[in-house]
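For the record, the sequence lines run as chains A and B.
As numbered in numbering that gives the first Met the number 0, residues 0 to 220 make up the first sequence, in order.
As numbered in numbering that gives the first Met the number 0, residues 0 to 382 make up the second sequence, in order.
Ideal placement from N, C-alpha and C gives every residue a C-beta, glycine not left out.
Below is one structure, written out as structure tokens; the observations come after it.
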Amino acid sequence: MTFIAVNNVSKKYEIGSELKALDNVTLKINQGEFIAIMGPSGSGKSTLLSILGVLNPPTEGNLIIDDIDVFKLANEKQADFRREYLGFIFQQFKLLPYLTAVENVMLPLTVAQISKKEKLQMAEKVLAKIGLESKLHRLPHQLSGGEQGRVAIARAIVNQPPIILADEPTGSLDTKTGQEIIEIFKALNEDGHTILMVTHNKENLEHVKRTVLIRDGKIVN
Amino acid sequence: MGLWDIVINNLKRRKGKVLFIIAGITIGIATVVTLFSLTTSMNNKMAEDLEEIGTKVLLAPQSEKTSFTYGGITVAQDVAFDIKKIPRDILVLLEARSEELNIKYIAPKIVHEVYLDGKSNLLVGANINSELKLKPWLKYSGSLPDSENEVLLGNSLAEQLAKKPGDSLIISNSNLTIAGVLDETGVQEDNIILAPLVLAESLSGDAGLSLVELVFNNSPNLDADINSLKALVPDVKVTTVREVMESRKEVIDRYENFAFLVSVIVLLIAGLIVVTTMLGAVNERIKEIGIFRAIGFRKKDIIYIITLEAAVACGVGGFFGYVLGVLAAKGAAPLIETELLIGWNPGLFLIMITMAVIIGLIASLLPAVKAAQLDPQDALRYL
């Protein structure tokens, strides 16, 4: 059953002249899929990810997730939707430098109506799951690249979203550390998370269930 | 972790900006507290003086000719030239009815024109102790006259004659001693010779009184009491005197208006400091706000974080501003009036803290709304 439906989505930008970042893209994704989105720079893959992340409304078409036409939701409801359905792993991980590992992980829970103690327990549990139980109170600059990546993953999954969106999660890591991150993604996928990952790294493709190739704003496979 | 923890973390992290906001609000609130404390204290002092002095009424001879003023009202010309006087037995009448009419003090005066160095001056004969009670703002250097040949000299007159306490003064062939010199008042007392009533009587050669100053206890029946007095002495002109207190009130009112204007301007500047600083902080935090929005923070959460940060910083500024303001007022009070009392006022403290927090909330609203309206996609472009 289709969990995410990208229906005839186009995205145009006006930068002097009109630029069509996505051109009539249609994509159906089932729950539990692990998809890699690939393509050359400027092909539209990051635009597609931002639309899937309910951050960037399409110019045409719609996005249906779990039978919800998400861009028809009011702005604040879209924020609620992101919190409930989506976990983000940004390029370079983008941890907040003034928060410790456990505080960064607790961030998506900040506005949740649960106690502070419960939030802490949830964050500690997730960090333990990815092997960082001994580094809960380290600041990001006190962690290695791989550890920062794992904290970013923990932050993305702490509130148990069904969908994880990752933008070049291994781009800044060495091969071995990148491989460790992909292994975590595989484990999360086996736990039932739907994962969409923008990547340039062809080595990652052997771990995913499907690859979507984008060129000039169109899906070509 | 809650939104409050993010607020505290950010305040700790951006010490420079936070200190700038605190300094701006501290100066603003300190200015308001200083000016407010001083004007309140001046008003209280004046109210105390008024209460202590009561309402003053001047009895003067009836005359159609007028030429000089005493105590803020115009007195008949005849008085100055010692032609027409109030009969002395009026004092007996007033003493007898003083309780009934609510009269607190009776201060008879003989005003006599004397010549010093060829210039005309007023010698005012009075019961000097009563006079000083009647006019508590009159201060002097030297001592009070304790014999019939001693006088107090007005400040300007003493300067003009180059006289100081202990010097002698010859008036109408009488050798007098200057017991003391009045401090500068800015009013008529600067140019008079204040002498015991007996001396003035002997110099003028007339037992009649030029004026009688009466002080009434402040009471709801004051108008009725004054009307009764008028009925009691129909041949005497009865006038309510406002004089120095009125001019003091006017000065304080002007100072109060000035203080209000300065306070508004300073607080506006403090508010602008908060606005610009918070706008700068928001611009620096676009990436962070993008992350917040991407992971599901609502616009109102962003507004809450930004406004709360400003409110906390401004609240701290309000605290320091209050303390600094009271200390500044305590330091400045003696320069304005020696007897001004400046104290710690918990009510004013709470008002100032609240005002500072409200300034923080209002001034940070624009930056907060700007932050909340950042398109998450635009914010994430910086990632």
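Check: CA-CA distance, Gln112 (chain A) and Ile288 (chain B)?; Outcome: 21 Å
Check: Determine the burial state of Gln159 (chain A): buried for a count of at least 16 other Cβ atoms within 10 Å of its Cβ, exposed for fewer.; Outcome: exposed
Check: According to DSSP, is Val219 (chain A) helix, strand or coil?; Outcome: coil
Check: At a Cβ threshold of 9 Å, is Glu308 (chain B) touching chain A?; Outcome: no
Check: Which residues in the same chain as Ser363 (chain B) place their Cβ atom closer than 8 Å to its Cβ, once the five residues preceding and following it in sequence are excluded?; Outcome: Val273, Val274, Met277, Ile305, Thr306, Glu308, Ala309, Ala310
Check: Which partner residues does Ile28 (chain A) have in the DSSP bridge list?; Outcome: A:Ile3
Check: With a 10 Å radius around its C-beta and 16 neighbouring C-beta atoms as the bar for buried, classify Asp264 (chain B) as buried or exposed.; Outcome: Before going on, a small fix: residue 264 (chain B) reads as Ile here, not Asp. Looking at its Cβ environment, which holds fewer than 16 other Cβ atoms inside 10 Å, Ile264 (chain B) is exposed.
Check: Could you tell me whether the Cβ of Lys369 (chain B) comes closer than 9 Å to any Cβ of chain A?; Outcome: no
Check: Smallest Cα separation from Gly179 (chain B): which of B:Asn148, B:Ser171, B:Gln187?; Outcome: B:Asn148
Check: Tell me, please, whether the CB atom of Glu222 (chain A) is closer than 9 Å to any CB atom in chain B?; Outcome: Any answer about residue 222 (chain A) is impossible in this case: the structure gives chain A only from 0 up to 220.
Check: Is the beta carbon of Phe80 (chain A) less than 9 Å from the beta carbon of Ala151 (chain A)?; Outcome: no
Check: Look at the alpha carbon of Lys175 (chain A) and the alpha carbon of Gly38 (chain A), and state the distance between them as a whole number of angstroms.; Outcome: 23 Å
Check: Find the nearest neighbour of Leu72 (chain A) within the set A:Pro56, A:Glu189, A:Asp215, judged by alpha-carbon distance.; Outcome: A:Pro56
Check: Under DSSP, the alpha helix (DSSP H) around Pro86 (chain B) begins and ends at which residues?; Outcome: From DSSP, Pro86 (chain B) is part of no alpha helix (DSSP H); its letter is neither H nor E.
Check: Enumerate in chain order the residues of its own chain whose CB-to-CB distance from Ile181 (chain A) is below 6 Å, with the five nearest sequence positions on each side excluded.; Outcome: Asn203, His206
Check: Please report whether the beta-carbon of Lys14 (chain B) lies at a distance below 9 Å from any beta-carbon of chain A.; Outcome: no
Check: Which runs of the beta strand (DSSP E) fall wholly inside the stretch 43–125 of chain A and span at least 3 residues, in chain order?; Outcome: 59–64, 85–88
Check: So what's Gly145 (chain A) in DSSP terms, helix, strand or just coil?; Outcome: helix
Check: Consult DSSP for Ser119 (chain B) and reduce its assignment to one of helix, strand or coil.; Outcome: strand
Check: What is the DSSP secondary structure of Ala367 (chain B), counted as helix, strand or coil?; Outcome: helix
Check: Taking 9 Å as the cut-off, decide whether the C-beta atoms of Val281 (chain B) and Pro366 (chain B) are in contact.; Outcome: yes
Check: Looking at C-beta atoms only, is the number of pairs between the stretch 111–125 of chain B and the stretch 186–196 of chain B that lie closer than 8 Å three or more?; Outcome: yes
Check: Using a C-beta to C-beta distance shorter than 7 Å, which residues of chain B count as neighbours of Gly15 (chain A)?; Outcome: Result: empty, since nearest Cβ-Cβ is about 17 Å, beyond 7 Å.
Check: Excluding five sequence neighbours on each side, which residues of the same chain lie with their C-beta closer than 8 Å to the C-beta of Ala106 (chain B)?; Outcome: Ala125, Asn126, Ser129, Glu130, Leu133, Val211, Glu212, Leu213, Val214
Check: Hey, Asn344 (chain B) and Val325 (chain B): beta-carbon distance below 9 Å or not?; Outcome: yes
Check: Assign Asp77 (chain B) to one of two classes, buried (16 or more other C-beta atoms within 10 Å of its C-beta) or exposed (fewer than that).; Outcome: Residue placement at Asp77 (chain B) is poorly supported in this model, since its pLDDT is 45, which falls under 50; the coordinates still yield a value, given next. When all chains shown are included, Asp77 (chain B) counts as buried.
Check: Here's the rule: buried if 16 or more other CB atoms are within 10 angstroms of the residue's CB, otherwise exposed. What is Asp166 (chain A)?; Outcome: buried
Check: Just tell me which of B:Ser227, B:Glu200, B:Phe291 has its CA closest to the CA of Ile109 (chain B).; Outcome: B:Glu200
Check: How big is the Cα-Cα spacing for Asn61 (chain A) and Gly216 (chain A)?; Outcome: 16 Å
Check: Starting from the Cα of Thr25 (chain A), find the closest Cα among A:Glu83, A:Ile63, A:Ser16 and give me that residue.; Outcome: A:Ile63
Check: Under a three-way DSSP split, which group does Val8 (chain A) fall into?; Outcome: strand
Check: Classify Ser49 (chain A) as buried or exposed, calling it buried when 16 or more other Cβ atoms lie within 10 Å of its own Cβ.; Outcome: buried
Check: Find the residues of chain B that neighbour Gly52 (chain A), judging by a C-beta separation of less than 8 Å, and give them in chain order.; Outcome: Ala293
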